[in-house]
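What follows is a set of notes on a single structure, which appears directly below.
Numbering (this note's numbering), first residue to last: 2 to 195.
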């Protein structure tokens, strides 16, 4: 008798939630296609990376340093891409060349005041990575951006100055080739894996 009562109570408690579902939530997550009911579920994409080939401790240290450098400069590259879009949309509405130059000088001053010290403190390798990531975020080399905003002569001067210090503003970003490790690190940062 006692076992029978326990079975009835167990059955009532286990199946009770099944009858109290909110049907409004279910209706929003299904779709009927050709008479079949299909559940609609949003699934975040999962990126699977191949294992990193690390031969020795030096390779581990080099990769860890690359991760550190990319994590440090990637926010600046993202910000550069966002600011460039904003500045281009504003520049498209400015009718005169004099007003455009004035706006660009104000924007440069604003960026210099906000990020000048931080950018100057970047290491040589962080600067090279930043140039590549700016290309990744904007689709244009740093040289092309300077040329578009400041003119060809100014871009030539900056490129010459950069070459003296070992940089190349015309550097492209190759996510499938030489920059594959940087691309994987950026994707892991965006996915929240690191």
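Beta carbons: idealized from backbone N, C-alpha and C, even for Gly.
Limits of the unbroken beta strand (DSSP E) element including residue i
i          : result
residue 38 : 37 to 40
Extent of the continuous alpha helix (DSSP H) run through residue i
i           : result
residue 190 : 181 to 192
residue 126 : 125 to 139
residue 155 : 153 to 165
residue 178 : Unbroken run through residue 178: none, as it is neither H nor E.
residue 50  : Premise fails: residue 50 is in no alpha helix (DSSP H) and is neither H nor E.
residue 113 : 98 to 121
residue 170 : Element bounds for residue 170: n/a, residue is neither H nor E.
Beta-ladder partner(s) of residue i, from DSSP
i          : result
residue 33 : 38
Nearest-angstrom Cα separation, counted from residue j out to residue i
i           : j           : result
residue 72  : residue 58  : 21 Å
residue 113 : residue 129 : 19 Å
residue 190 : residue 134 : 13 Å
residue 25  : residue 182 : At residue 25 the pLDDT is 41, less than 50, meaning the model places this residue with poor confidence and gives no usable figure here.
residue 145 : residue 158 : 13 Å
residue 122 : residue 39  : 55 Å
residue 93  : residue 47  : 38 Å
residue 36  : residue 30  : 16 Å
residue 160 : residue 126 : 17 Å
residue 28  : residue 43  : Residue confidence for residue 28 is low, a pLDDT of 45 falling below 50, so the modelled location carries little weight; the figure read from the coordinates is stated next. Approximately 15 Å, taken between the alpha carbons.
residue 168 : residue 142 : 12 Å
residue 139 : residue 82  : 5 Å
Would you check if the region 45 to 63 and the region 100 to 109 touch, i.e. whether three or more CB-CB distances between them fall below 8 Å?
With fewer than three CB-CB distances shorter than 8 Å, the region 100 to 109 does not count as touching the region 45 to 63.
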